[in-house]
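J.: So that we are looking at the same thing, I have put the structure below in structure tokens.
Number of protein chains: 2
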Amino acid sequence: MTTGLRERKKLKTRRALGAAALELAVTHGLAEVTVEQIAEAADVSPRTFFNYFSSKEEAVVAADVERARDTAERLAERPAGEPVLESVRAVMREMVVDAPRSREWIAQVRLVKSEPSLVPQQLAAYAAAEAHLTGIIADRTGLGPRDLYPAVTAAAVMSAMRVATTRWLESDGDGDLVGVVDQVIDLLAVGLQSPPSRAP
Amino acid sequence: MTTGLRERKKLKTRRALGAAALELAVTHGLAEVTVEQIAEAADVSPRTFFNYFSSKEEAVVAADVERARDTAERLAERPAGEPVLESVRAVMREMVVDAPRSREWIAQVRLVKSEPSLVPQQLAAYAAAEAHLTGIIADRTGLGPRDLYPAVTAAAVMSAMRVATTRWLESDGDGDLVGVVDQVIDLLAVGLQSPPSRAP
DNA sequence: CCGCAAATCTGCACAGACTGCAAGATCGGC
DNA sequence: GCCGATCTTGCAGTCTGTGCAGATTTGCGG
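Those protein sequences? They're chains C and H, same order as listed. So the first sequence is numbered by the UniProt record's numbering: it starts at 1 and just counts up by one. So the second sequence is numbered by the UniProt record's numbering: it starts at 1 and just counts up by one.
In structure tokens form, the structure reads like this:
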């Protein structure tokens, strides 16, 4: 269980680089920030930066990748009998409670919104999480990963999360994320055949 | 209606660059291809390449962006009363019939699968199409673009298309894409509450 | 403790990506 | 045909991203 000093140090460096990249990008704009600055802020050489990330963009969204992985793991730990969409609901509630990390999260999502070059990276991070989620759902339903249900559900859920958080952030982050997530999940659960007649 | 010579020439150059980028990447691998080679193959200067695309990756995926835009437009042209998911079904059928362009499509999707650096670009292209689709669905249902139904449906539909085409290509492109799409859309229509009991 | 093997960090060199700028070529309307 | 608008091109320069080889650090057995 215990991770060696080596691994811990690596993780620390990785997070320092990611945090530095995000902060510098938020304050100066991504284009104005060079790898050299990020490396200096994290107290490593520029060359080392590239041992961890292959681009500035990847570093900025690194925390998001971690968050997505974390979310998927929480899903995997939900009770086995629970319906998948209910598990998603529960996990999203947990995530929202996590106030301190939320601040960094909001900063990042806003940055992505204002810097088009980050969009592809952000989406790639979600795609990785989606692949992970597909496996989890397959296990949980007893279907194989090649069946369509796990893949479609994972994709739909990730999309829905994306839509929900986007809407939430548009309303300045003070809105009710859990409420939006609930609505979105209800839509998926009941089917998209026709628009809801009330309370759209 | 008539587009000037200027515009037509630009479009031609753009397509030549995109096609050259795709072909070179398929035959030599993306990493081995330089912008200079792409520009030469399209008979323009390297500098001009950057007037059209901001990276190699963007050029390779350019045809996909066009295809996605085309798909969205076909959706917009479906009869107004038709349920959204039925429109999607119909349009996908049209797309599959388009044999000659399919060959290029297959080559591209396979390339993206083997070159991780293309994934983000590909997803960004889908995201753009999704935004377009959200507007179309909003118009069609009489809801505003700020309602959740159009956004969730657009996201789910795009994800489902992605899953369907992925599965299709995994089976060497000779499988029944329309059949897979039908299954995927049925899943979305009926709701993801629980896995289908038969014919998963 | 000591020393060794493996993993990591770093500087150096270099090809290639990308951008701003200004001059030349081309198009479209009059 | 002429002129303004647009597009293309070369050039100069910065930054990204990678291979390589030599320090530096860590983990571990002696």
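Beta carbons: idealized from backbone N, C-alpha and C, even for Gly. Given the structure is predicted, the values throughout are model-derived calculations rather than measurements.
Compare the C-beta of C/Ser102 against all C-beta atoms of chain H and say whether one is closer than 7 Å.
T.: no
J.: In chain C, what lies closer than 8 Å to H/Pro196 by C-beta?
T.: Tyr149
J.: Can you name the residues of chain C whose CB is closer than 7 Å to the CB of H/Arg162?
T.: Ala155
J.: Can you tell me which of H/Lys10, H/Glu170 and H/Phe53 puts its alpha carbon nearest to the alpha carbon of H/Leu111?
T.: H/Glu170
J.: Which class does H/Gln193 belong to by DSSP, given the choice of helix, strand or coil?
T.: coil
J.: For chain H, find out if any of its Cβ atoms is closer than 7 Å to the Cβ of C/Ala124; answer yes or no.
T.: yes
J.: In whole angstroms, what separates the C-alpha of H/Gly18 from that of H/His28?
T.: 15 Å
J.: Using beta-carbon positions only, say whether C/Gln121 and C/Glu57 come within less than 7 Å of one another.
T.: yes
J.: DSSP three-state label for H/Phe49, please.
T.: helix
J.: Restricting to runs no shorter than 4 residues, where is the alpha helix (DSSP H) found entirely within the stretch 41-110 of chain H?
T.: 46-52, 56-76 and 84-97, all fully within the stretch 41-110 of chain H.
J.: Under three-state DSSP, which class holds H/Ala199?
T.: For H/Ala199, the pLDDT reaches just 48, beneath the cut-off of 50, and the residue's location in the model is therefore unreliable, although a value from the coordinates is still provided. It is coil, neither helix nor strand.
J.: Please report the distance separating the alpha-carbon of C/Ser140 from that of H/Glu94.
T.: Position check: residue 140 of chain C holds Arg in this sequence, whereas Ser was assumed. Computed Cα separation, rounded: 36 Å.
J.: Taking only runs that begin and end inside the stretch 148-185 of chain C, name each unbroken alpha helix (DSSP H) of 4 or more residues, in chain order.
T.: 148-170
J.: For H/Ser87, tell me which candidate among H/Ala76, H/Pro116 and H/Met161 has the shortest Cα-Cα distance.
T.: H/Ala76
J.: Shorter than 7 Å from the beta carbon of H/Ser159 to some beta carbon of chain C?
T.: yes
J.: By the criterion of Cβ-Cβ separation under 7 Å, what are the contact partners of H/Thr165 in chain C?
T.: Here the premise fails: no neighbours, minimum Cβ distance about 12 Å.
J.: Measuring alpha carbon to alpha carbon, tell me which of H/Ala164, H/Val152 and H/Asp182 ends up nearest H/Ala131.
T.: H/Val152
J.: Between the stretch 61-69 of chain H and the stretch 29-39 of chain H, are three or more C-beta pairs nearer than 8 Å?
T.: no
J.: Could you pull the start and end residues of the alpha helix (DSSP H) that C/Gly135 belongs to?
T.: Val119 to Thr141
J.: Taking Cβ-Cβ distances shorter than 8 Å, what residues in chain C pair up with H/Thr141?
T.: Ordered by position in chain C, the residues that pass the 8 Å Cβ test against H/Thr141 are Pro195.
J.: Judging by CA-CA distance, which residue of H/Asn51, H/Gly175, H/Asp176 and H/Leu188 is the nearest neighbour of H/Met158?
T.: H/Leu188
J.: Can the beta-carbon of C/Val96 be found less than 7 Å from the beta-carbon of C/Ile137?
T.: no
J.: Tell me where the alpha helix (DSSP H) around C/Arg14 begins and ends.
T.: Leu5 to His28
J.: Kindly give me the distance between the Cβ atoms of H/Ala124 and C/Leu123, rounded to whole angstroms, as I take these residues to be in contact under 8 Å.
T.: The Cβ separation is near 6 Å, so the contact holds.
J.: Straight-line CA distance for C/Thr166 to C/Ser102?
T.: 14 Å
J.: So what's C/Val35 in DSSP terms, helix, strand or just coil?
T.: helix
J.: Measuring only the C-alpha atoms, how far is C/Gly179 from C/Ala90?
T.: In this structure, the CA atom of C/Gly179 is about 12 Å from the CA atom of C/Ala90.
J.: I think C/Ala129 touches C/Arg74, with their Cβ atoms under 8 Å apart; what is that distance to the nearest whole Å?
T.: 12 Å between Cβ atoms; not a contact.
J.: Going by the beta-carbon positions, is the gap between C/Arg59 and C/Phe53 smaller than 7 Å?
T.: This sequence places Ala at residue 59 of chain C; Arg is not what is there. For C/Ala59 and C/Phe53, yes; Cβs fall inside 7 Å.
J.: How big is the Cα-Cα spacing for H/Pro196 and C/Ile185?
T.: 18 Å
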